[in-house]
Structure formats: C-alpha cells, structure tokens
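Under mature numbering (1 follows the signal peptide of the UniProt record, and there is no 0), read the sequence shown as residues -32 to -1, 1 to 417, first letter to last. Worksheet: the structure to be examined is printed underneath.
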Amino acid sequence: MKMNLQIMAMPSLFSRLLILASLASFQVVAFGTPSFGRTSTSSSTSRPSSVSTVDFSDGHLSSFCSVEPSSQDVQSGSLFENTVNSVKTRAEVGLTGPAEEIRRPVTFVSPRFQCFIEDTDSYGVMYHANYLRAYDRALHSMFMINDNSLNDVINSCTSMAPDGADIGGFKNKQDHEALMVDTYADWSIVNVEHQKFNKSPPLGGTFVIHGTMIEQPNKEREVWDLYMREHEHPQSTLFNFARVTIARPGVFIPPDNIVADIAEDQEADIIQTKDMFWLYRDEFDAHYPTHLPLRNALCLFERSRSNLLGGPERLRMLKERDNLVFVVTKINDCCKFPASPGNGEVADLKPGNLVHIDTDFDVRMNGKIIDCHQTLYADDRPVAQATVTLMTLNAETFKPSSDLPEWLRDVLEGRVKPGEVYGDDYDQVAPTYLDAKTAFLPPQDSPQA
C-alpha cells in the first residue's frame, strides 16, 4: 500500500509559529509514523507502520481490535501523546481560516462525566462505540452551559463541577461565526477520523472532554479535535482522541477513502463476509428521524465482526478456553453517506428496514492485527462506513498475541467457507449470509414494523 503523507504546513507570519511547525515535523520524523496524516491506497504492496499504544487494558471482548505494535518497548502513552500533539499543534495556532488570517481557536472543557454501567462492556471498560456518544454529549453540554439561566445550577452541581471548579462555556467564539451547536438542534456527527484508543476510563471513573474547533467552513459544518482526558488539566491522562466533523442534515463530507475499494487495491488475501440486520426504533436519532447515527452504525459493524467467528458466544469461549480477547484500537474513514441517492428519489431509512454489512478482513502480523473495512448498505445504497483496526490480546497480560487456535486461523485465513463445520472443541458452523426473505422475516404473529 503506498503512503501519501499530507503534512499541513505551518504559516510563516511569526517565528513562534515556525518553531511550533518544526516541532510538529520533528515528531513525525522521529517516530516514523505521522498517524494523523492521511494515506491513499494504491497497488503497491508496502505497508505503513501503525502507531503503537502500549496500554491495552481497555479490552473489548465484544469487539475486534488493533494497533500495530512497535518493535521498541515504548513507554505507556508516550507515543500516543506525541502523535496527538502533532495534530494539536495546528489547532493551538488557530488555523481555522486562510493561512494569512490567524484567529484564536474556539475551545472548551466539558463538565465532568462519570463512566456508568450503561457505558461499559462486559469487562467494565467503555465500549468502543460509546466514545462517540460521549463526544456528542460533550458538545451538547456546551450549548446547555451557554444558557445563562443554567450557569449557577451547573456550577453548584458537584458531580459536574467537582471541587468547586468553574465550568465555563466556549472560549474565543467571538472570533468566529455563530457555532452550530448554539444555532441548530439537528446537527450530528457525520465524520470521524484518526480515532485512537489509549486507555479507558474505568467503571465509576470520571472524564472530561477537551475540544478545539479547527475548521468552520460554513454555518452548517464544523470540525473539532476532541480529547477525552481524566480531568480538566490539559496534561492529565489521555484516554481517547478523535477528529470529529459535525454537520446539519443533508451535508455530506466525502471520506478520504472509500473502504469498499480498499480490498481491491491490495494484493494481500482479503476475507469478505456479509451480514444482514433489522433496524429498530431506538437506533434512530430523535432530531433526525431518518438518520442512523454513526455510533449505532459502529454497533452494527461490531455484530458483523462477531458473527465472523460464530457470534458473541464464540468470543466468550475464546476468552475462557483460549485466553484470547480482542480490543478496538483505531477507527478511521468513519462517515455516513447522503440520505438520498443521486437520482433524487428519497430513500430515507426507517425502523423495520433491513440493512446489510459487507466486511473485508485483512489479517496481518500473524494474526495480531485485523483491519476491518466495513460498509453498511440499505438495498444497494451505502449508508455508513468505517475501517476498524483490531488487535488480538492475551486475556491475562493484555499483551499482543498471535497464539491463535487452529480453527480461528482457518476462519481468518479463509480456509473455512461459510456453512462449514470447524473446531473439534467448538463443533460450530461457520456463519452464512442468510436470505432476508426467509431467515430475517419477523414471526408470523408479530406486527410488521
């Protein structure tokens, strides 16, 4: 795969900015992996080295995962922090407009949130799709805080502003157009790039979201760098980072990569699977009834990944019998597509629709790394996509492992075809792509959606 690194140049108006730019460039060269630069696929077989995060304690048994381990013993979090800082530097200098126009970026620190049971998976750590929900809630909380009538209430609530901390609203927004979250109620997250999973807030733990707006192309679209940290201090433990685009209904942000095309551009063996699911009422956005939020699309993608192995029970057995778990460590090219096709005919989603998911699995590093290129379709129209990178971990040490049982290698390397029986200890049947007209029809005594 050919890497085309797009490194943003810093403006040359002030020497201070040049110094910041040189520092950011040094980070890229020193670590060899500008993880937040975009890559484009080609027929070349060379592969980039992914950024390694050492602390994999946020293992998600219910989700595959991965970040490519470094050959060096990197201290926990250090490489992760530096790659995030290479993005943060651009935001700090206020590059939200033309190069000659320097404006202070809009920033915020959210109220303190707590990690409840509803946020976690079976291991008591945050489920990977729920980070997007936390980012959405943080942006919405800023709108609520800017309501002056609520300031006294919020600042007196110790669960939101612990130890008497003063929770403020957006900073520097007077330098910019009116913010979307202050103006419209129907915005949503439409694009997610460079999402990195470092650690997870534990069950009962607290976290805050630090946000910096890096682009405001128009009144209907904004791009934010969002950092989930342990508390308000900007150098506190960094749990997660994502570059998030929010937009109003009908605004489409083209992805850097169409993930359905990635497999065609690679010479490596790619395992392809299909799944089909019902859409239920609770999976839709209350402010945008025909919209399936990206967070819920990620949940559907997880179900499809689990089904490759025979379902969630198989994941449980892998942990109990083979001492293996899987964690999500990176998400890229995550976006939703327009609600209407090019011919102008309305094709909005609604509860009761059947959707199908195509997944291309690219297994690397002897099974340690699994890149999942996933696309959600309604009929033949793409609805959402994402590349979810996964890693196989030892369940006790949480270190990367390639000690896979033979039946799992057979599945991941394509030697077992859908419908075949495999695994002496498991005696399972490989998942198949079922016909929606038969297998997915609701029971006869159930009302149609």
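The beta carbon of each residue, even a glycine, is placed where N, CA and C say it ideally should be. None of the values given here were measured: they were computed from a predicted structure.
- Rounded to whole angstroms, the separation of the alpha carbons of P306 and G218 is 6 angstroms.
- Judged by their CB atoms, P170 and V93 are nearer to each other than the 8 angstroms cut-off.
- When the five nearest sequence neighbours on each side are left out, the beta carbons in the same chain lying within less than 8 angstroms of the beta carbon of I157 are those of L100, Y103, D104, V212, T213, I214, P261, L262, R263, in order along the chain.
- Rounded to the nearest angstrom, the gap between the Cα atoms of S370 and L361 is 8 angstroms.
- For Y103, the three-state secondary structure derived from DSSP is helix.
- Around the beta-carbon of T151, fewer than 16 other beta-carbon atoms lie within 10 Å, marking it exposed.
- Taken in chain order, the complete beta strand (DSSP E) segments of 3 residues or longer contained in the stretch 186 to 211 are 189 to 197.
- In this structure, the straight-line span from the alpha carbon of W375 to that of R282 is close to 12 angstroms.
- In the assembly as shown, K167 is a buried residue. Its beta-carbon has 16 or more other beta-carbons within 10 Å.
- For E364, the closest of L286, R271, A231 by C-alpha to C-alpha distance is L286.
- A direct Cα-Cα distance of roughly 30 angstroms separates V384 from Y91.
- Per DSSP, the unbroken alpha helix (DSSP H) holding M285 starts and ends at 280 to 290.
- Of the other Cβ atoms in all chains shown, fewer than 16 fall within 10 Å of the Cβ of D250; this residue is therefore exposed.
- CA-CA distance, S274 to D347, rounds to 22 angstroms.
- Boundaries of the beta strand (DSSP E) around R349: 349 to 362.
- In the structure shown, A228 adopts helical secondary structure according to DSSP, grouped into three states.
- Between the C-alpha atoms of R216 and E288 there is a straight-line separation of about 45 angstroms.
- The way I'd put it, the stretch 176 to 196 does touch the stretch 75 to 88; three or more beta-carbon pairs between them come closer than 8 angstroms.
- Shown here, L380 sits in a helix according to DSSP, grouped into three states.
- Sequence-distant Cβ neighbours of L380 in its own chain, meaning closer than 6 angstroms and more than five residues away, are V331.
- Excluding sequence positions up to five before and after D290, its CB lies within less than 7 angstroms of the CB of P373, all in the same chain and listed in chain order.
- In the DSSP assignment, R332 falls outside any alpha helix (DSSP H) and within the unbroken beta strand (DSSP E) covering 322 to 332.
- Check the Cα spacing between V74 and each of L147, D89, A97, D378: the tightest is with L147.
- For A346, DSSP records a beta bridge to R349.
- 8 angstroms or more divides the Cβ of I182 from the Cβ of D328.
- With fewer than 16 other Cβ atoms from the protein chains shown falling within 10 Å of its own Cβ, N334 counts as exposed.
- D301 is not a Cβ neighbour of D193, given a cutoff of 8 angstroms.
- Non-local C-beta neighbours of A210 in its own chain, meaning closer than 6 angstroms and more than five positions away in sequence, comprise V160, Q163, L194, ordered along the chain.
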